[in-house]
């Protein structure tokens, strides 16, 4: 699997990492699905599986070249650099558009997922009854997750570590949104908004020579949280990838069918036309520790087809579908 890459290929990996990282932060969108559609999912799983005891032995024995080849380190570095960079760049842009043009952003993602279902399904071929049943199971699980209610925020470090393991599933399991799972666990804002923003602010201050944030107990708390979450994510990436690598090798057709079903089921999460429902008690909203309303679920509704905003949203859905078809066309041209 290891191969030397040109500068252009490295930049390409970085851009794919950007796309995957940005997708991981958006609730309902799976970074793993981006990797699957863009054609580097299996190499990603293979690379994470190579982070094992043998790799650490090579590293501790000073055999750095052998370590780099064995772990496909070049691939991992460029993808993860792109993914990490997106948290402080692309994801901030996405946050802005979600805040100001939410309906259009969800419509665009909805279209991309429809296109992705086609992209993954068109070459599957093996639609026997057994695989159709696996697809149905995946779809049912995806729909069931979309109707679950979120929990309250919990900053216990052990729970944060578990959130890291579960949340990173969006990078390893196409169709399963790690961000949406964090919403269900109650810790999306804490882990992917507040902690990331504090980390970015602390790093920026330190680069300018200001180390005072390290004496701020509130900022230290957030740094502990993001560090614990990162450790849990790293542990989850390696452990889940080992399981997935084995399962893909033994049951590739069945797993692919489940993934297609799962992505189809996740359309319920991405459905653009929805209103947020908040938990209430005696007619008043329940608030979390920061005074934010606690999300109960989403009320989905059918749009008015004559409304101008609806027509624009449909245009964004078509744009999302065309984007995936363009990626497919570009990929086929490169193969030929």
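In this note's numbering, the protein residues as written are 11 to 346.
Glycine included, every Cβ here is placed at the ideal spot set by N, Cα and C.
These numbers come from a predicted model, not from an experiment.
Residues of its chain near residue i, where Cβ-Cβ distance is below 7 Å and the 5 sequence neighbours each way are ignored
i	result
residue 252	59
residue 172	242
residue 113	282, 319, 323
residue 165	200, 235
residue 84	15, 78
residue 329	118, 121
residue 263	136, 141
As assigned by DSSP and simplified to three states, the class of residue i
i	result
residue 284	strand
residue 316	coil
residue 310	strand
residue 30	helix
residue 111	coil
residue 141	helix
residue 163	coil
residue 156	helix
residue 48	coil
residue 15	coil
residue 178	coil
residue 20	helix
residue 133	coil
residue 60	coil
residue 338	helix
residue 40	coil
residue 104	helix
residue 222	helix
residue 276	coil
residue 323	helix
residue 183	coil
residue 99	coil
Cβ-based neighbour list, residue i, same chain, cut-off 6 Å, excluding 5 preceding and 5 following
i	result
residue 367	This structure cannot settle anything about residue 367, because the visible part of the chain is limited to 11 through 346.
residue 92	24, 27, 28
residue 139	none
residue 250	182
residue 117	282, 323, 326, 327
residue 223	212, 215, 229
First through last residue of the alpha helix (DSSP H) which encompasses residue i
i	result
residue 243	227–260
residue 81	74–81
residue 67	63–70
residue 209	205–217
residue 188	188–194
Closest Cα partner of residue i within the set the options
i	options	result
residue 235	216, 270, 204, 258	204
residue 269	74, 75, 141, 117	141
residue 88	146, 16, 169, 137	16
residue 104	34, 309, 213, 178	34
residue 122	273, 321, 285, 312	273
residue 124	218, 245, 271	271
residue 21	74, 86, 264	86
residue 334	62, 31, 19, 49	49
residue 190	211, 157, 250	157
residue 108	32, 131, 145	32
residue 312	331, 329, 278	278
residue 177	80, 134, 151, 244	244
residue 170	225, 75, 231	231
residue 210	246, 175, 72, 95	95
residue 247	338, 143, 133, 179	179
residue 144	225, 133, 261	261
residue 275	187, 193, 163, 30	187
residue 132	321, 267, 238	267
residue 163	192, 256, 74, 150	192
Buried versus exposed, by CB contacts within 10 Å (16 or more), residue i
i	result
residue 336	exposed
residue 115	buried
residue 315	exposed
residue 181	buried
residue 221	exposed
residue 128	exposed
residue 197	buried
residue 195	buried
residue 137	exposed
residue 254	buried
residue 4	With the chain covering only 11 through 346, there is no way to say anything about residue 4.
residue 218	exposed
residue 206	buried
residue 63	exposed
residue 364	Lying before the first or after the last residue shown, residue 364 is absent from the chain, which here runs from 11 to 346.
Own chain partners of residue i with C-beta closer than 8 Å, once the 5 adjacent residues on each side are dropped
i	result
residue 67	none
residue 258	52, 55, 265
residue 80	12, 60, 64, 65, 68
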